[in-house]
Amino acid sequence: MGIEEKLPSGFLLSTVEGLAGYFRKGSFWPATFGLACCAIEMMATGAGRYDLARFGMEVFRASPRQADLMIVAGRVSQKMAPVLRQIYDQMPNPKWVLSMGVCASSGGMFNNYAIVQGVDHVVPVDIYLPGCPPRPEMLMDAIIKLREEIQAMPLGVNREKAARAAEQAAMKALPTIEMLPASARRGAHELDPGIPVGHAHAGHTHAGHTQDGAAR
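Numbering of the sequence shown is given in the UniProt record's numbering, commencing with residue 1 and proceeding in unit increments.
#1: My guess is that M43 and I71 are in contact by the Cβ rule of under 8 Å, so how many angstroms apart are they, rounded?
#2: Which of the three DSSP states is assigned to A188 in this structure?
#3: Assign T15 to one of three DSSP states: helix, strand, or coil.
#4: P130 to G46, Cα distance in whole Å?
#5: With DSSP as the reference, label Y50 as helix, strand or coil.
#6: Excluding the 5 residues flanking M100 on each side, which residues of the same chain have their C-beta closer than 7 Å to its C-beta?
#7: In the DSSP assignment, the beta strand (DSSP E) including Y113 goes from what residue to what residue?
#8: Let's test the definition: count the other Cβ atoms within 10 Å of the Cβ of T15 and tell me whether it reaches 16, buried, or not, exposed.
#9: Could you give the first and the last residue of the continuous alpha helix (DSSP H) run that contains A39?
#10: Going along the chain, which unbroken runs of the alpha helix (DSSP H) with 4 or more residues stay wholly within the segment 70 to 158?
#11: For G118, collect the residues of the same chain with a Cβ closer than 7 Å to its Cβ; drop the 5 residues on either side in sequence, then sort them by chain order.
#12: In the structure shown, what three-state DSSP assignment does A162 receive?
#13: Do Q90 and P124 count as a contact pair if the criterion is CB distance below 7 Å?
#14: Would you list the one or two residues that DSSP bridges to A62?
#15: Could you tell me the alpha carbon to alpha carbon distance between R24 and Y50, rounded to whole angstroms?
#16: With distances taken between CB atoms, is the gap from A114 to S77 smaller than 7 Å?
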């Protein structure tokens, strides 16, 4: 029972990247970086009922030099932003960032001068987790998805090419408000005049199709 059933011939073929990804995804050491209410759910995920240890996350590390996963759980204030960046810089490579909750991902209900409107303004984010706060099951699901990404992560020159391609795609991407249909942008502008209506042609949606379904 176990891996022996999948190896009837007694040997397994893989690549160096596949082997490295297999070991990396099963040995997460998260950094303790709870900032607000989401941290309570994060702590519950590490307790006996949900047991993150079965995914290799045996212990949360208080030292960034011994951690490779930063779970930003809660809103990030302007004063906390440089501290967060310092901790991120002290973490050894490879490292990943999980933005937990809407406050960490976009500022949430704290739309004011004191709160960073998205932790991706401070550090690169690998996966976003919605919710206010997200349940422990949602955090576990996000971690499982991140494990899948790490399993397929390239190494060396291939990893550099993938990182550059992702950066170029992010730079060319439209802001979230401009991805909405024109009618939705007008509705958002009526609720909050600070939201731009945008200059896109009326009737075009973010998927590149008109509202009647015809392709542009």
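By construction, the Cβ of each residue, glycine as well, lies at the ideal position given by its N, Cα and C atoms.
From the atom records:
#1: With a contact defined as Cβ atoms closer than 8 Å, M43 and I71 miss out at about 11 Å.
#2: Low per-residue confidence applies at A188: pLDDT is 48, beneath 50, and the placement is therefore not dependable, though the value from the model is reported in the following sentence. Helix, per DSSP.
#3: In the three-state reduction of the DSSP assignment, T15 falls in the coil class.
#4: The C-alpha of G46 is placed about 19 Å away from the C-alpha of P130.
#5: Note: Y50 maps to coil in three-state DSSP.
#6: Correct list, in chain order: C38, M42, I71, V72, A73, L129, P134 and L139.
#7: Y113 -> no beta strand (DSSP E), and no H or E assigned at all.
#8: Under this definition T15 is an exposed residue.
#9: Its alpha helix (DSSP H) spans residues C38 to T45.
#10: With a minimum length of 4 residues, the continuous alpha helix (DSSP H) runs that stay inside the segment 70 to 158 are 81 to 90, 102 to 106 and 136 to 151.
#11: Around G118: S105, S106 and G107.
#12: For A162, the three-state secondary structure derived from DSSP is helix.
#13: Taking a C-beta distance under 7 Å as the contact criterion, P124 and Q90 do not qualify as a contact pair.
#14: None; A62 has no bridge partner.
#15: One C-alpha to the other measures close to 21 Å.
#16: For A114 and S77, yes; Cβs fall inside 7 Å.
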